[in-house]
Amino acid sequence: MEQKYYTLPEIKLKMVNYCVYQDRCHKEVEQKFRDFILVQEAKDEIMLYLLRENYLNEERFTRSYIRGKFYQKHWGKNKITSSLKFKGITQKLIQKSMDEIDEEDYEDSIRKLYLQHFELQKESKVFIKKQKTLKYLIGKGYEYEIILRLTQDLS
Numbered sequence: 156m157e158q159k160y161y162t163l164p165e166i167k168l169k170m171v172n173y174c175v176y177q178d179r180c181h182k183e184v185e186q187k188f189r190d191f192i193l194v195q196e197a198k199d200e201i202m203l204y205l206l207r208e209n210y211l212n213e214e215r216f217t218r219s220y221i222r223g224k225f226y227q228k229h230w231g232k233n234k235i236t237s238s239l240k241f242k243g244i245t246q247k248l249i250q251k252s253m254d255e256i257d258e259e260d261y262e263d264s265i266r267k268l269y270l271q272h273f274e275l276q277k278e279s280k281v282f283i284k285k286q287k288t289l290k291y292l293i294g295k296g297y298e299y300e301i302i303l304r305l306t307q308d309l310s
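Residue numbers (the numbering used here): 156 to 310.
Written out as structure tokens, the structure reads:
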């Protein structure tokens with residue numbers, strides 16, 4: 156397949172559209188640059204433009220990501236944090252942005268997921284059902300201590 160060549164303004168527009176479609180982090184933008192043949196100076200110029208015009212905003216991305224992963228996918232804080240770290244977001248920014256998750260919603264989510272998953276278990280022994288449900292919630296990124304505290308009276 157033949158590589159299509161773009162001018163700098165065309166690439167800049169494509170990168171703006173990429174960032175406007177959905178909030179992006181720096182690492183995603185850097186990866187997108189690989190679609191184009193660019194010298195480092197051009198990449199830097201486009202990156203600077205995206206930042207200056209607020210198309211690229213790491214805090215906005217982080218907050219949006221946290222809301223989406225929790226309220227849509229029902230991920231816990233551990234899974235969200237490790238996923239953001241993988242995307243190159245600093246621990247400080249992650250902690251600062253975690254206030255996007257309401258604590259009451261977080262606890263309600265744990266209880267709801269626990270009960271849903273517990274009921275789905277075909278296992279007859281309650282102990283094994285609890286263990287499998289606990290493992291499921293930990294896999295979703297919820298903290299072990301919080302799960303135990305919130306679910307000890309459930310099921």
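Glycine residues also receive a C-beta, built at the ideal position from the N, C-alpha and C atoms.
For residue i and residue j, what's the separation of their Cα atoms in angstroms?
i: Gln-286; j: Asn-233; result: 19 Å
i: Arg-189; j: Cys-174; result: 15 Å
i: Lys-247; j: Tyr-261; result: 21 Å
i: Ile-119; j: Leu-239; result: Nothing in the structure corresponds to residue 119, since the chain is present only between 156 and 310.
i: Gln-250; j: Ile-283; result: 34 Å
i: Glu-183; j: Glu-258; result: 29 Å
Looking only at its chain, what residues have a beta carbon closer than 8 Å to the beta carbon of residue i, apart from the 5 residues adjacent to it on each side?
i: Glu-298; result: Gly-231, Lys-232, Asn-233
Near residue i, which residues of its chain fall below 7 Å by C-beta distance, leaving aside the five closest residues on each side in sequence?
i: Lys-290; result: none
i: Phe-241; result: none
Would residue i be called buried (16 or more neighbouring beta carbons within 10 Å of its own) or exposed?
i: Leu-275; result: exposed
i: Glu-214; result: exposed
i: Phe-273; result: buried
i: Ile-265; result: buried
Can you check whether the CB of residue j is closer than 8 Å to the CB of residue i?
i: Ile-235; j: Gly-296; result: yes
i: Met-111; j: Ile-221; result: Lying outside 156 to 310, the shown extent of the chain, residue 111 is not represented and no answer is given.
i: Ile-244; j: Thr-217; result: yes
i: Leu-211; j: His-181; result: yes
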